[in-house]
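In my numbering, the protein residues as written are 1177 to 1471. Cβ atoms here follow ideal geometry from the backbone N, Cα and C, with glycine treated the same way. Please read all numbers here as calculations on a predicted model, not as lab measurements. Just below is one structure, and these are the notes that go with it.
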């Protein structure tokens, strides 16, 4: 099997984008003894979706094998154990990484590995929905890339009091990101006619964002997944309006964007206007500043 895979890949040495999806990589025997990075040396974008590894070392070896890697996406991907403590010298992360998207995976293993490299820098980080178990590692990683990170995407799924957002508020200081330009909260609201989710996150998000001190911070986006405007009344909008509209702290903010999505795709045009009106009415100072945007 290994020989056949190696032969099949030999003619693809100029490929720059690689997506691996829906299989157990090591059942195929691809990485032992063959290194995909040696066969595909020009890969600069790698996506892993629903791939299973034996250990965290195996996925790190795969990633580090692509020396010219710029963009990395890992989603719904796992490994049976974190065996980093068994390795005397972990593989060195690719030096050209500028974009990482981690969702539904053991973010802590990847982030701790990257933060262990003194020269690692990053410009764009998408964490998907944050898990409490990953928050300490997120905090350490944010400190590590504080001088380089420009674009940050994250959200919360735990709808109970406290939980993910509270842990994040305590342990992740966005004030460390001195070059930050853009933040996207995805989602701010998620729900349909029968169930809407707001959680402690909607109250804690202004407190989390209030720590931002980057002079180049210009754009803030909230993603809203909703079918009717009335549940928006549950959010403590006054804190948002005071922070982004009435406070001199974010005087440099140019765009406060609400990206409106429908949980039922056929209703988005019907609700977008009403949701826009509802949000604008809740944020009068932001409206007066002229920073509100809707898509």
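Query	Result
Closer than 7 Å by C-beta to residue 1199: which residues in its own chain qualify, once you throw out the five before and the five after it? Chain order, please.	1227
Applying the criterion that 16 or more other CB atoms from any shown protein chain within 10 Å of the CB defines a buried residue, is residue 1193 buried or exposed?	exposed
I'd like the span of the beta strand (DSSP E) that includes residue 1461, first residue to last.	Note, residue 1461: premise wrong, no beta strand (DSSP E); alpha helix (DSSP H) at 1460-1465.
As a quick exercise: from 1231, 1266 and 1240, pick the residue whose alpha carbon is nearest that of residue 1282.	1231
Which residue wins for smallest C-alpha separation from residue 1366, given the options 1212, 1426 and 1332?	1332
Contact criterion: CB-CB distance below 8 Å. Does residue 1447 meet it with respect to chain C?	Protein chain content of the structure displayed is limited to a single chain, and chain C is not contained in it.
If you draw a straight line from the C-alpha of residue 1271 to the C-alpha of residue 1447, how long is it?	45 Å
When the Cα atoms are used, what is the spatial distance from residue 1265 to residue 1240?	13 Å
I'd like to know whether the C-beta atoms of residue 1312 and residue 1293 end up nearer to each other than 8 Å.	no
Which same chain residues, not among the five before or five after residue 1394, have their C-beta less than 8 Å away from its C-beta?	1357, 1358, 1428, 1429, 1430 and 1431
Among the residues of its own chain, which have a CB less than 7 Å from the CB of residue 1455, if the five just before and after it don't count?	1408 and 1434
For the region 1396-1461, list the alpha helix (DSSP H) runs that are entirely contained and at least 4 residues long, ordered along the chain.	1413-1417 and 1444-1458
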